[in-house]
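Here's the structure, in structure tokens; my notes come after.
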Amino acid sequence: MSITKESELIGMKRVSEVVGTTLKLMREYAKVGMSTKELDDYGGEILKSYGAKSAPYETYGFPGYSCISINEEAAHGIPSEKKILKEGDLINIDVSAELNGFWSDNGGSFVLGKDIHNHQPLVNASKNILRKAIGNIKGGVKISEIGYLIETEAKKLGFKVIKNLAGHGVGRSLHEEPENILNYRVKSNSERFKKNTTVAIETFISTKSTVAVELNDGWTLVGNKGGFVTQHEQTILITDKDPMILTESNGIWN
Numbered sequence: 001m002s003i004t005k006e007s008e009l010i011g012m013k014r015v016s017e018v019v020g021t022t023l024k025l026m027r028e029y030a031k032v033g034m035s036t037k038e039l040d041d042y043g044g045e046i047l048k049s050y051g052a053k054s055a056p057y058e059t060y061g062f063p064g065y066s067c068i069s070i071n072e073e074a075a076h077g078i079p080s081e082k083k084i085l086k087e088g089d090l091i092n093i094d095v096s097a098e099l100n101g102f103w104s105d106n107g108g109s110f111v112l113g114k115d116i117h118n119h120q121p122l123v124n125a126s127k128n129i130l131r132k133a134i135g136n137i138k139g140g141v142k143i144s145e146i147g148y149l150i151e152t153e154a155k156k157l158g159f160k161v162i163k164n165l166a167g168h169g170v171g172r173s174l175h176e177e178p179e180n181i182l183n184y185r186v187k188s189n190s191e192r193f194k195k196n197t198t199v200a201i202e203t204f205i206s207t208k209s210t211v212a213v214e215l216n217d218g219w220t221l222v223g224n225k226g227g228f229v230t231q232h233e234q235t236i237l238i239t240d241k242d243p244m245i246l247t248e249s250n251g252i253w254n
């Protein structure tokens, strides 16, 4: 959305702090032996305590308050009593919500407990690439150039990017224009980031796959060639200098 008055910025800051805090608390709450449903219910209670509504549930009827994807799942994992968290699991939590007519979105991947499967390098790559990408965004910058940066940085580290998942505009709804802030460069895309707009920037860094495909449950996405995928996401306000990171309460870079 385009921020045109102070009240809109306040609204976006408020909902962004809520989703950021929820993500941080859920990450800290996750324990070996817990089901992803229990973790999701915990996040749902936090959102409710702020008067916020789960965006995937409100928008798409998603069967959970948040998306919790484990190990080979790339995105949109459904919280379940049957999915029990284990030592060394690669976990992604994506929290988005609506509050007082404003919407915000954030997410992060992390390793639970000891990194016995060596997922941390992939997690670090995703985090650091997101930070670098956001640091290069300001009004007038081509969207495709940020995609080029993300893919180039991933390749340098021996990783790939998922090409059919993307960041997006956010604010008055969960997904707005620009809809395809991709993790690679589409040369024909001449669209530029606009000052005073709010967007969700997200990385999708992978070990083997370049496309996410949907499982039979109609939600969960996995890589087309297997392997693992990490995602990190912040909602930002674009300026003509450094962006304002609205969801920084999530602490994903700490």
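Numbering-wise, the sequence shown is residues 1 to 254 according to full-length UniProt numbering.
Where is the CB? At the ideal position from N, CA and C, for every residue including glycine.
Since we're looking at a predicted model, the values are computed, not measured.
- Taking the C-beta atoms as reference points, A55 is found nearer than 8 Å to S96.
- The way I'd put it, the region 179-192 doesn't touch the region 230-244; fewer than three beta-carbon pairs between them come closer than 8 Å.
- Per the DSSP secondary-structure output, T203 pairs in a beta bridge with H232.
- One alpha carbon belongs to M1, the other to L122, and they sit about 31 Å apart.
- Bounds of any beta strand (DSSP E) do not take in P121; it lies within the alpha helix (DSSP H) bounded by Q120 to G135.
- In the DSSP annotation of this structure, the continuous segment of the beta strand (DSSP E) that includes V95 starts and ends at L90 to L99.
- DSSP places S54 within a strand segment (E or B) once states are collapsed to three.
- Under the criterion of beta carbons closer than 8 Å, N183 and F204 qualify as touching, at roughly 5 Å.
- At the C-beta level, R14 and L130 stay beyond 8 Å of one another.
- Per DSSP, E73 is one residue of the beta strand (DSSP E) stretching across E73 to A75.
- By the beta-carbon neighbour count (other beta carbons within 10 angstroms, threshold 16), T247 is buried.
- Positions of the beta strand (DSSP E) runs, each at least 3 residues long and wholly inside the region 164-210, are given as 167-169, 176-181 and 198-206 in order along the chain.
- Counted as a single uninterrupted DSSP element, the beta strand (DSSP E) harbouring A212 occupies residues A212 to E214.
- Nearest to T210 by alpha-carbon distance, out of K195, T198, T230 and H117, is T230.
- Look at the beta carbons and you see the region 81-91 touching the region 24-40: at least three pairs across the two are nearer than 8 Å.
- The Cβ atoms of G101 and G11 sit closer than 8 Å to each other.
- Around the beta-carbon of E233, 16 or more other beta-carbon atoms lie within 10 Å, marking it buried.
- Only residues of its own chain outside the window of five on either side were considered, and among them S2, I3, T4, G139, L237, I238 and T239 have a CB closer than 8 Å to the CB of N196, listed in chain order.
- In the DSSP assignment, W103 is bridged to E98.
- Contact between G61 and I68 is absent: CB atoms are separated by about 17 Å, not below the 8 Å threshold.
- Contact annotation: I143 and V161 have beta-carbon atoms that are not nearer than 8 Å.
- Distance between W103 and N250, taken at the CA atoms: about 16 Å.
- With respect to the C-alpha of K155, the residue from I146, A125 and L39 having the closest C-alpha is A125.
- Residue pairing from DSSP places I84 in a beta bridge opposite S35.
- Distances from the CA of K241 to each of K194, G147 and K163 were compared; the closest alpha carbon is that of K194.
- With fewer than 16 other CB atoms across the displayed protein chains lying within 10 angstroms of its CB, S7 is exposed.
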